[in-house]
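Be aware that the sequence shown starts at 11, since it is given in the numbering used here, and climbs by one per residue.
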Amino acid sequence: MNQIYSVGYDAVHPNDFIYNVPEGFHNYLLVITTTTALFRINETISEYPAHTAVLYPPASPIWYGAVQKPYGNHWMRFTSDESFITNFSRPAIPFSVSDPEYCRNLFQLITWESSQAVVSMLIRILFGKLCDDLLYTQNTCHDQELLSLRRRISSFPQLPWKISDMAGELHISAGYLQLLYKQKFHISCMDDVIGFRLSKARDLLTYTTQSIAEIAEQCGYGNTEHFCRQFRKHLGISPGRYRKTTADMDVQAVSRSPN
């Protein structure tokens, strides 16, 4: 069942418009912009193009506004126990709308319609379209962003990677990033960071004479003991023993090589 508290379309606000509700509402808020707009996601304010949608769940912080020119949107505040809304896969995160005129017409009909049954049907149609757009966004934009993110992790595993920072770069929630990353690469974000750090550590242990402490620091570990514990946990051997074992293997290989 859906119940609308307020709804509007083609709303226009001045160029200094900011909508800030830190505690959110007790109901849902759906916004679809008609102009460029600013959204604050995970404490980061970023600019998004026109025809961006956001579904704010109950009690979700809300912050969006104009980008130095008049701001426009369609909006709807409502309650719902429909699964396609309560299980919406990208709450409070902006995503692109592929057919803005179609969505505008649905908002117009919802605003004019007095029959609760018809309104519920229109909301279902609207969210069916939004879910299609969300699926398209997930399968295109984030694929490239995730590949780029993983390349940077593999190249610079020593950086202080944090899930919240990575999610902020992609303008998605931390939980949603972890879900997409696991689906894409079949490993969690932080397990991947650890794997690349230990891979770099193995190379440094094998091909350099740097101390264990120096290697730990170069691989992003501020604490040598933590590095050694993690190395042993994942590889079943201490860094010192690993270095000695690889050195012995090299000596044996040399002794077996023909003169």
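Each residue gets a CB set at the ideal place from its N, CA and C atoms; glycine is no exception.
Euclidean distance between Cα positions of residue i and residue j
i, j, result
"S164", "F206", "6 angstroms"
"L136", "L159", "33 angstroms"
"G250", "K192", "32 angstroms"
"P68", "L39", "8 angstroms"
"Y81", "A47", "7 angstroms"
"R181", "L156", "Note that residue 181 is His in the sequence shown, not Arg. Cα to Cα, H181 sits roughly 12 angstroms from L156."
"V128", "S70", "28 angstroms"
"V41", "T121", "14 angstroms"
"T43", "S56", "14 angstroms"
"D143", "F94", "14 angstroms"
"P24", "E224", "56 angstroms"
"N30", "I72", "6 angstroms"
"S90", "I173", "31 angstroms"
"I103", "S221", "45 angstroms"
"F237", "E53", "31 angstroms"
"K194", "D202", "12 angstroms"
"S124", "N37", "20 angstroms"
"H196", "L190", "9 angstroms"
Residue i, enclosing alpha helix (DSSP H) - first and last residue
i, result
"V203", "199–217"
"H236", "234–245"
"F94", "93–96"
Proximity test, residue i beta-carbon vs the ligand SAM heavy atom, cut-off 7 angstroms
i, result
"E227", "Among the ligands in the structure shown, none appear at all, so the ligand SAM cannot be discussed."
Cβ distance (whole Å) where residue i is taken to contact residue j below 8 angstroms
i, j, result
"A211", "C229", "5 angstroms"
"A105", "N12", "Before going on, a small fix: residue 105 reads as Phe here, not Ala. Wrong, their Cβ atoms sit about 21 angstroms apart, outside the cutoff."
"Y186", "R100", "6 angstroms"
"D26", "A76", "7 angstroms"
"L275", "L119", "For residue 275 there is no data in the structure shown, the boundaries of the chain being 11 and 269."
"T62", "V22", "About 16 angstroms separates the two Cβ atoms, so there is no contact after all."
Environment of residue i [buried if 16+ CB atoms lie within 10 Å]
i, result
"Y74", "buried"
"Y217", "exposed"
"S183", "buried"
"W171", "buried"
"Q154", "exposed"
"R161", "exposed"
"Q240", "buried"
"R134", "exposed"
"H152", "buried"
"F166", "exposed"
"Y112", "exposed"
"L169", "exposed"
"T96", "exposed"
"Y58", "buried"
"N83", "buried"
"Y15", "exposed"
"L65", "buried"
"I28", "exposed"
Simplified DSSP state of residue i, which is helix, strand or coil
i, result
"L169", "coil"
"I182", "coil"
"A69", "coil"
"G34", "coil"
"D26", "coil"
"G230", "coil"
"M11", "coil"
"E57", "strand"
"V129", "helix"
"S164", "helix"
"A21", "strand"
"A63", "strand"
"T255", "helix"
"S248", "coil"
"S158", "helix"
"S174", "helix"
Opening and closing residue of the beta strand (DSSP E) in which residue i lies
i, result
"Y270", "The chain is shown only over 11 to 269; residue 270 falls outside these bounds and no answer can be derived."
"P51", "The sequence shown places Ile at residue 51, not Pro. Element bounds for I51: 47–51."
"S99", "That residue, S99, is in no beta strand (DSSP E); it is neither H nor E in DSSP."
"T89", "81–90"
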